[in-house]
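A.B. asks:
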Amino acid sequence: MPISRSAKKSLRKSVKNKKVNVSFKEKLKKLIKLYLVKPTEKGYKEVQSMLDVAKQKNIFHINKVSRLKSRLNKKYGADKEGVKTATKQTAKKKTTKKMA
1 MPISRSAKKS LRKSVKNKKV NVSFKEKLKK LIKLYLVKPT EKGYKEVQSM
51 LDVAKQKNIF HINKVSRLKS RLNKKYGADK EGVKTATKQT AKKKTTKKMA
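Counted from 1, the sequence shown has number 90 at position 90 by full-length UniProt numbering; the numbering is strictly sequential.
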């Protein structure tokens with residue numbers, strides 16, 4: 001148990017933040033599950049914005065957010081008809097002969 005006044009306050013603060021973070025994560029999980037069942041553009045945008053909020057509030061790590069976005073983007077891109085992912089073409093480098 002915390003003894004000092006600041007430690008008690010810190011405990012109260014961490015308990016409060018944990019409740020908020022857990023409820024936020026539950027909402028996000030439900031939203032992602034709904035999106036995966038029936039992917040729509042509106043659902044995609046909602047999930048993206050919720051993930052951005054999670055990143056801003058430091059609920060999820062930046063890399064986790066980008067990984068989730070990438071996976072959802074693949075799902076959305078696969079379900080969208082007629083849209084192909086653009087592949088980046090690299091130009092061939094011209095080789096020059098060295099003079100000896």
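Yeah, the Cβ is synthetic: ideal placement off N, Cα and C, and Gly gets one too.
Remember, predicted model here, so these are calculated numbers, not experimental data.
Taking the CB atoms as reference points, tell me whether GLU46 and LEU68 lie closer together than 8 Å.
C.D. replies: Not in contact: GLU46 and LEU68 (Cβ atoms no closer than 8 Å).
A.B. asks: What are the boundary residues of the alpha helix (DSSP H) that GLN48 is part of?
C.D. replies: From DSSP, the alpha helix (DSSP H) with GLN48 extends over 41-56.
A.B. asks: From GLU41 to TYR76, what distance separates their C-alpha atoms?
C.D. replies: In a straight line, the C-alpha of GLU41 is about 8 Å away from that of TYR76.
A.B. asks: Could you tell me the boundaries of the alpha helix (DSSP H) in which ALA7 lies?
C.D. replies: Here the alpha helix (DSSP H) through ALA7 covers 5-37.
A.B. asks: Is the beta carbon of ASN21 less than 8 Å from the beta carbon of ILE59?
C.D. replies: It is a contact, given that the beta carbons lie within the stated cut-off.
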